[in-house]
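Structure first, then comments.
2 protein chains.
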Amino acid sequence: MVASYETLVRSFTKLYRYQHLSAIAAWDQAAMMPQRGNDARGAALAELAVLMHETLTAPQLAAALTAAEGEVTAPVDRASVREMKRQWQSANLLPASLVEQKSLAGSRCEHAWRTQRKANDWAGFLANWKPVVACARQEATLLAEATGLSLYDALVDRFEPGMTAAVIEPMFAELKHWLPPLVQEVLAKQRTEEVLQPTGTFPVEAQRALGLELMSLLGFDFEAGRLDVSTHPFCGGVAEDVRITTRYRTDDFVQAMMGIVHETGHARYEQRLPREWVHLPLGQARSMGIHESQSLSFEMQLGRSRPFLQLIAPLVAKHLGAQPAFAADNLARIYTRVKPGFIRVDADELTYPLHVILRFEIERALVEGDIEPEDVPALWAEKMQAYLGIDTRGNYTDGCLQDIHWTDGAFGYFPSYTLGAMYAAQFFATIRAQVPDLDARIAAGDLAPIFTWLDANLWRQASRWTTPELVERATGAKLSAVHFERHLRARYL
Amino acid sequence: MVASYETLVRSFTKLYRYQHLSAIAAWDQAAMMPQRGNDARGAALAELAVLMHETLTAPQLAAALTAAEGEVTAPVDRASVREMKRQWQSANLLPASLVEQKSLAGSRCEHAWRTQRKANDWAGFLANWKPVVACARQEATLLAEATGLSLYDALVDRFEPGMTAAVIEPMFAELKHWLPPLVQEVLAKQRTEEVLQPTGTFPVEAQRALGLELMSLLGFDFEAGRLDVSTHPFCGGVAEDVRITTRYRTDDFVQAMMGIVHETGHARYEQRLPREWVHLPLGQARSMGIHESQSLSFEMQLGRSRPFLQLIAPLVAKHLGAQPAFAADNLARIYTRVKPGFIRVDADELTYPLHVILRFEIERALVEGDIEPEDVPALWAEKMQAYLGIDTRGNYTDGCLQDIHWTDGAFGYFPSYTLGAMYAAQFFATIRAQVPDLDARIAAGDLAPIFTWLDANLWRQASRWTTPELVERATGAKLSAVHFERHLRARYL
Numbered sequence: 208m209v210a211s212y213e214t215l216v217r218s219f220t221k222l223y224r225y226q227h228l229s230a231i232a233a234w235d236q237a238a239m240m241p242q243r244g245n246d247a248r249g250a251a252l253a254e255l256a257v258l259m260h261e262t263l264t265a266p267q268l269a270a271a272l273t274a275a276e277g278e279v280t281a282p283v284d285r286a287s288v289r290e291m292k293r294q295w296q297s298a299n300l301l302p303a304s305l306v307e308q309k310s311l312a313g314s315r316c317e318h319a320w321r322t323q324r325k326a327n328d329w330a331g332f333l334a335n336w337k338p339v340v341a342c343a344r345q346e347a348t349l350l351a352e353a354t355g356l357s358l359y360d361a362l363v364d365r366f367e368p369g370m371t372a373a374v375i376e377p378m379f380a381e382l383k384h385w386l387p388p389l390v391q392e393v394l395a396k397q398r399t400e401e402v403l404q405p406t407g408t409f410p411v412e413a414q415r416a417l418g419l420e421l422m423s424l425l426g427f428d429f430e431a432g433r434l435d436v437s438t439h440p441f442c443g444g445v446a447e448d449v450r451i452t453t454r455y456r457t458d459d460f461v462q463a464m465m466g467i468v469h470e471t472g473h474a475r476y477e478q479r480l481p482r483e484w485v486h487l488p489l490g491q492a493r494s495m496g497i498h499e500s501q502s503l504s505f506e507m508q509l510g511r512s513r514p515f516l517q518l519i520a521p522l523v524a525k526h527l528g529a530q531p532a533f534a535a536d537n538l539a540r541i542y543t544r545v546k547p548g549f550i551r552v553d554a555d556e557l558t559y560p561l562h563v564i565l566r567f568e569i570e571r572a573l574v575e576g577d578i579e580p581e582d583v584p585a586l587w588a589e590k591m592q593a594y595l596g597i598d599t600r601g602n603y604t605d606g607c608l609q610d611i612h613w614t615d616g617a618f619g620y621f622p623s624y625t626l627g628a629m630y631a632a633q634f635f636a637t638i639r640a641q642v643p644d645l646d647a648r649i650a651a652g653d654l655a656p657i658f659t660w661l662d663a664n665l666w667r668q669a670s671r672w673t674t675p676e677l678v679e680r681a682t683g684a685k686l687s688a689v690h691f692e693r694h695l696r697a698r699y700l
Numbered sequence: 208m209v210a211s212y213e214t215l216v217r218s219f220t221k222l223y224r225y226q227h228l229s230a231i232a233a234w235d236q237a238a239m240m241p242q243r244g245n246d247a248r249g250a251a252l253a254e255l256a257v258l259m260h261e262t263l264t265a266p267q268l269a270a271a272l273t274a275a276e277g278e279v280t281a282p283v284d285r286a287s288v289r290e291m292k293r294q295w296q297s298a299n300l301l302p303a304s305l306v307e308q309k310s311l312a313g314s315r316c317e318h319a320w321r322t323q324r325k326a327n328d329w330a331g332f333l334a335n336w337k338p339v340v341a342c343a344r345q346e347a348t349l350l351a352e353a354t355g356l357s358l359y360d361a362l363v364d365r366f367e368p369g370m371t372a373a374v375i376e377p378m379f380a381e382l383k384h385w386l387p388p389l390v391q392e393v394l395a396k397q398r399t400e401e402v403l404q405p406t407g408t409f410p411v412e413a414q415r416a417l418g419l420e421l422m423s424l425l426g427f428d429f430e431a432g433r434l435d436v437s438t439h440p441f442c443g444g445v446a447e448d449v450r451i452t453t454r455y456r457t458d459d460f461v462q463a464m465m466g467i468v469h470e471t472g473h474a475r476y477e478q479r480l481p482r483e484w485v486h487l488p489l490g491q492a493r494s495m496g497i498h499e500s501q502s503l504s505f506e507m508q509l510g511r512s513r514p515f516l517q518l519i520a521p522l523v524a525k526h527l528g529a530q531p532a533f534a535a536d537n538l539a540r541i542y543t544r545v546k547p548g549f550i551r552v553d554a555d556e557l558t559y560p561l562h563v564i565l566r567f568e569i570e571r572a573l574v575e576g577d578i579e580p581e582d583v584p585a586l587w588a589e590k591m592q593a594y595l596g597i598d599t600r601g602n603y604t605d606g607c608l609q610d611i612h613w614t615d616g617a618f619g620y621f622p623s624y625t626l627g628a629m630y631a632a633q634f635f636a637t638i639r640a641q642v643p644d645l646d647a648r649i650a651a652g653d654l655a656p657i658f659t660w661l662d663a664n665l666w667r668q669a670s671r672w673t674t675p676e677l678v679e680r681a682t683g684a685k686l687s688a689v690h691f692e693r694h695l696r697a698r699y700l
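Set out below in structure tokens:
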């Protein structure tokens with residue numbers, strides 16, 4: 208190994224171990240930690256954030272990176288250096304003081320948000336959120352100055368490298384063009400459809416047992432991960448020990464069950480990342496959009512499909528007790544039911560992109576200084592009315608306080624959800640072209656063709672290629688919204 | 208604040224935050240982590256151990272410490288510097304390479320032990336344990352050279368500062384003198400005693416609910432801590448967020464219930480450490496022996512006493528269903544039943560010290576090179592036969608593989624258990640002298656006199672005084688085994 212590259216590997220291995228501690232402590236904070244532990248946890252995580260920042264900003268790392276760029280020749284090592292450089296750049300453009308300030312403000316805001324959301328306490332939230340927004344703007348300014356990107360693009364680039372509002376906006380404009388009429392068309396069609404609602408109480412333990420069985424069916428490795436509960440479901444932990452969470456309601460299992468399928472998609476991507484690179488940026492997930500494409504491959508492409516629901520209908524009955532509503536056809540109607548609503552995470556596949564577009568527009572204006580934090584509720588209400596015909600005035604709980612993302616300054620993340628949906632549709636179009644009898648196989652419980660394709664083309668590739676290269680190698684074409692549109696029309700019309 | 212002291216406070220605050228991450232990750236490893244996460248966790252914890260070591264060995268810290276010793280004048284700050292120096296010394300006598308090697312070997316050995324213990328796999332354990340012992344001997348050699356202590360004393364000093372085999376051995380010799388005949392006398396007395404054994408299945412959820420209610424009664428703050436499950440019960444986490452664990456058997460609740468009372472004693476000490484010093488060595492628990500004195504105050508002095516069992520008998524019946532065996536008198540007979548057995552953590556109050564003396568003698572010989580790891584099972588069997596009349600040959604599961612301590616090289620810890628029992632007896636003798644109607648108060652549910660005394664004299668004192676000073680300020684006398692003997696004779700004869 209070239210000496211300069213060896214130095215880089217040592218530093219990034221150390222960083223990877225710090226990230227391990229950060230990920231586990233953050234999972235614990237969301238899923239396990241009692242209330243009064245939060246200040247100490249916030250301080251510890253902030254200290255660790257500073258340390259990780261110091262590791263990435265050490266002068267010898269900069270020198271090694273410059274040297275390695277000239278010395279390394281093997282293609283895979285060049286890709287490794289490319290990904291190291293990306294992480295190095297993002298860290299070296301921010302001063303340690305801002306990193307700590309941001310971590311503290313985010314931790315405080317997020318923790319208080321857990322109770323403020325329930326209390327519909329916008330004023331309380333706003334006080335904690337202003338410092339978070341101020342930090343994000345400083346961050347955007349510093350990143351934008353150095354990269355030449357716009358303020359918002361500089362933040363998007365952290366989650367979806369190479370993606371800009373100039374690319375997103377036209378694709379979102381396409382969606383805004385055909386999606387609202389499609390929603391109306393589907394609503395009209397579904398008006399005459401009879402859907403049996405599941406009735407009864409669904410004990411948490413029974414739902415959890417069902418969830419665990421679905422995770423097994425979907426290939427989750429329980430010797431390298433867990434399922435727990437948190438306010439906002441997420442996939443956390445580390446590649447060797449993936450922690451997914453959900454939240455249960457005893458009067459409704461529908462969202463929790465599909466939420467577990469969704470997080471299992473994220474989890475399998477992590478669990479199958481190539482172990483030989485896992486300690487390097489090269490071996491980590493490609494981007495947030497590609498990550499979301501995996502959860503949406505599991506949830507939307509596979510999970511809500513008629514053959515998959517046929518496959519799992521007996522499991523639902525086994526754990527929750529048989530009832531007519533659990534017939535496969537009826538489950539398929541439940542899981543494709545379209546209904547404009549308040550909550551993004553509960554939104555159906557058709558209206559979901561409109562929630563994302565709303566957030567994209569608000570957070571972009573916020574970061575670029577066109578609006579202030581105080582303006583968000585009014586703008587939220589206005590756009591909810593315009594895009595989904597829903598009145599959210601005064602209801603912060605189900606309005607702008609519903610998501611965790613903004614509480615710790617993760618601006619620029621939201622577009623990834625809908626990019627992910629478009630990637631997933633394109634991936635499954637490719638799989639279907641290669642496996643014409645895919646639906647029959649799914650119904651028969653043979654999910655191997657899907658996992659084999661995802662594994663070879665995405666999971667094992669990690670960050671070996673840039674996102675556009677990855678998508679083109681896997682599907683033979685650039686990302687296009689056309690597969691997403693085709694998928695939605697085929698499923699819903 | 209003196210500038211040198213300010214430098215120290217900054218460094219030790221950073222260290223405290225790293226310790227937070229280490230404690231939570233270690234708790235997770237024992238209570239939450241799936242099997243295949245262990246290598247990555249071990250590597251992350253080892254990296255963190257190196258970092259904490261680096262923090263304590265930074266040259267500017269040494270300089271600040273020397274300066275502060277000359278400059279600081281306020282008594283409390285001088286005590287603070289004294290405790291900082293103690294931590295600094297122990298770290299600066301060990302090279303970083305040994306610290307990492309030890310952490311890795313310990314993590315590997317402990318993890319494999321979890322399955323090896325069940326499989327009675329001494330040979331498998333031995334292979335992982337030899338490197339742990341080798342590291343401990345290196346550590347002892349380096350510490351002994353620098354401090355002038357013997358090899359074993361140098362390890363004991365990490366857990367019980369100032370304590371040496373020269374002090375322990377005579378006290379243990381006293382115990383060896385009067386304890387075996389006392390055990391025989393009590394066995395003879397109890398032979399005619401009728402004890403009703405609880406019968407039935409005790410669901411984990413019911414036992415957990417009972418445990419939570421007892422923790423409440425004992426003042427545990429659930430907004431700053433949790434109760435979970437692990438193979439070996441322990442009290443972990445951080446002062447602001449204390450994590451205690453237990454293990455349940457559905458055919459027996461007796462040990463788990465009292466185990467929770469025991470860990471709650473540890474937990475309350477942590478939860479009541481003075482918050483204004485909590486980030487400094489000054490604000491941390493005094494020693495392992497004093498820590499154990501708190502769990503044994505809760506378990507042995509309070510928990511197994513007749514009036515306490517009278518107080519909680521209705522709670523046992525409430526959660527586990529009424530049965531004659533739950534009468535207070537019968538519970539008192541169960542919880543004072545003497546029966547020589549294999550397992551230290553299940554041992555009764557009378558035979559427990561003999562388990563400790565056995566381990567003290569073996570680990571001392573092991574560290575000082577008089578025996579090798581291979582010799583432990585034979586020596587274990589011989590001493591179990593001699594002290595407790597029990598044959599453990601070939602049974603490693605219930606023999607030398609039963610405890611977690613040796614798996615990661617915590618040699619020198621075991622004496623603390625019996626020192627703790629002696630401290631606890633002396634503390635309660637003092638409380639009883641001040642509160643003559645203590646038993647009546649306990650039976651009536653008024654535990655405040657106990658908590659108030661422990662809080663003022665021990666919990667809030669943290670590491671303000673050396674251990675001998677602390678004990679003398681609290682009780683008016685040096686540690687003596689006489690209170691322990693009196694307590695045992697009063698309870699058991």
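In order, the protein sequence lines correspond to chains H and Z.
To convert a position in the first sequence, counted from 1, into our numbering, add 207.
To convert a position in the second sequence, counted from 1, into our numbering, add 207.
Each residue gets a CB set at the ideal place from its N, CA and C atoms; glycine is no exception.
Quiz item: Are Z/Ala-201 and Z/Phe-533 close, meaning C-beta to C-beta below 8 Å?
Solution: Given that chain Z is displayed from residue 208 to residue 700, the structure contains no residue 201 of chain Z and the question cannot be resolved.
Quiz item: For Z/Val-402, which residues from the same chain have a beta carbon less than 7 Å from its beta carbon, with the 5 sequence-adjacent residues on both sides left out?
Solution: Beyond the five residues adjoining it in sequence on each side, Z/Val-402 comes within less than 7 Å, by CB distance, of Asn-537, Arg-540, Ile-541 and Arg-544 in the same chain, given in chain order.
Practice problem: Counting only the same chain and skipping the five closest in sequence on each side, list residues whose C-beta sits under 8 Å from that of H/Ala-351. | Solution: Cβ-Cβ distances below 8 Å link H/Ala-351 to Ser-357, Leu-358, Asp-360 and Ala-361 in the same chain, with the five nearest sequence neighbours on each side left out; the list follows chain order.
Quiz item: Expressed to the nearest angstrom, what Euclidean distance is found between the alpha-carbon atoms of Z/Cys-191 and Z/Thr-438?
Solution: Given a span of 208 to 700 for chain Z in the structure shown, any question on residue 191 of chain Z remains unanswerable.
Exercise. Could you name each continuous alpha helix (DSSP H) segment of 4 residues or more that falls completely within the stretch 487-534 of chain H, going from the start of the chain to the end?
Key: The DSSP assignment places 495-503 and 513-527 as complete runs of the alpha helix (DSSP H) inside the stretch 487-534 of chain H, in order along the chain (cut-off: 4 residues).
Quiz item: How many whole angstroms separate the CB atoms of H/Leu-557 and H/Leu-389, which I take to be in contact at a CB cut-off of 8 Å?
Solution: The beta-carbon distance between H/Leu-557 and H/Leu-389, rounded to whole angstroms, is 7 Å. This is short enough to meet the 8 Å contact definition.
Quiz prompt | In chain order, each alpha helix (DSSP H) run of at least 4 residues that lies wholly inside the stretch 450-483 of chain H | solution = You should have 461-478.
Practice problem: Using beta-carbon positions only, say whether Z/Leu-417 and Z/Val-563 come within less than 8 Å of one another. | Solution: Their beta carbons are not under 8 Å apart, which means Z/Leu-417 does not touch Z/Val-563 by this criterion.
Self-check item: Coil, strand or helix - Z/Cys-607 by DSSP
Solution: Correct three-state label for Z/Cys-607: coil.
Practice problem: Using DSSP bridges, identify the partner residues of H/Val-279. | Solution: In DSSP, H/Val-279 forms no bridge with anything.
Quiz prompt | Interface residues of chain Z facing H/Met-429 [CB-CB closer than 7 Å] | solution = A small fix is needed here, since residue 429 of chain H is Phe in this sequence, not Met. The answer, in chain order, is Pro-241.
Quiz item: Can you give, in chain order, each stretch of the beta strand (DSSP E) that sits fully within the stretch 361-443 of chain Z and has at least 3 residues?
Solution: Within the stretch 361-443 of chain Z, the complete beta strand (DSSP E) runs of at least 3 residues are 432-436.
Exercise. Compare the beta carbon distance of H/Ser-500 and H/Ala-631 with 8 Å and say whether it is the shorter of the two.
Key: Against a cut-off of 8 Å, the Cβ pair of H/Ala-631 and H/Ser-500 comes out as a contact.
Exercise. Taking only beta-carbon positions, decide if Z/Lys-221 is within less than 8 Å of chain H.
Key: Interface annotation, Z/Lys-221: in contact with chain H, CB-CB separation under 8 Å.
Exercise. Quick one: give me the first and last residue of the alpha helix (DSSP H) that Z/Leu-677 is part of.
Key: Taken as a continuous stretch (DSSP letters only), the alpha helix (DSSP H) holding Z/Leu-677 covers 674-682.
Quiz item: Ends of the alpha helix (DSSP H) at H/Ser-229?
Solution: Its alpha helix (DSSP H) spans residues 210-238.
Quiz item: Are the C-beta of H/Arg-433 and some C-beta of chain Z separated by less than 8 Å?
Solution: Yes, H/Arg-433 lies at the interface with chain Z (some Cβ there is under 8 Å from its Cβ).
Practice problem: Starting from H/Thr-637, trace the alpha helix (DSSP H) both ways and give me its first and last residue. | Solution: Secondary structure note for H/Thr-637: its alpha helix (DSSP H) is the uninterrupted segment 622-641.
Practice problem: Measure from the C-beta of Z/Asp-448 to each C-beta in chain H and report whether the shortest distance is under 8 Å. | Solution: Between Z/Asp-448 and chain H, the shortest Cβ-Cβ separation is below 8 Å.
Quiz item: What residues from chain Z crowd round H/Glu-367, counting only those whose CB sits closer than 9 Å?
Solution: Within chain Z, no C-beta atom comes nearer than 9 Å to that of H/Glu-367; the closest sits roughly 27 Å away.
Quiz item: Taking Cβ positions, are Z/Ile-611 and Z/Trp-587 nearer each other than 8 Å?
Solution: At a Cβ-Cβ threshold of 8 Å, Z/Ile-611 and Z/Trp-587 do not count as neighbours.
Exercise. Starting from the Cα of H/His-694, find the closest Cα among H/Asn-664, H/Gln-633, H/Gln-641 and H/Asp-653 and give me that residue.
Key: Here the closest residue by C-alpha is H/Gln-633.
Quiz prompt | Under the three-state DSSP convention, the category Z/Asp-448 falls into | solution = DSSP places Z/Asp-448 in strand when its eight states are reduced to three.
Quiz item: So which of H/Glu-367, H/Ala-651, H/Arg-450 and H/Trp-484 has the shortest CA-CA distance to Z/Pro-241?
Solution: Looking from the CA of Z/Pro-241, the closest CA among H/Glu-367, H/Ala-651, H/Arg-450 and H/Trp-484 belongs to H/Arg-450.
Quiz item: Within the chosen definition, does the stretch 604-623 of chain H reach the stretch 323-338 of chain H through at least 3 CB pairs nearer than 8 Å?
Solution: Result yes; three or more Cβ-Cβ pairs closer than 8 Å.
Exercise. Check whether the Cβ atoms of Z/Leu-487 and Z/Val-216 sit closer than 8 Å, and answer yes or no.
Key: The answer is yes: Cβ separation under 8 Å.
Practice problem: Go through the stretch 304-360 of chain H residue by residue and report every complete run of the alpha helix (DSSP H) that reaches 4 residues or more, in order. | Solution: Fully enclosed alpha helix (DSSP H) runs of 4 or longer: 329-354.
Quiz prompt | Alpha carbon of H/Met-291 to alpha carbon of H/Ala-269, nearest angstrom | solution = Cα-Cα distance, rounded: 11 Å.
Quiz prompt | CA-to-CA distance, Z/Val-339 to Z/Arg-571, given in whole angstroms | solution = Using only the alpha carbons, I get a separation of about 15 Å.
Quiz item: Taking the alpha helix (DSSP H) that H/Lys-590 falls in, what are its first and last residues?
Solution: Element bounds for H/Lys-590: 583-595.
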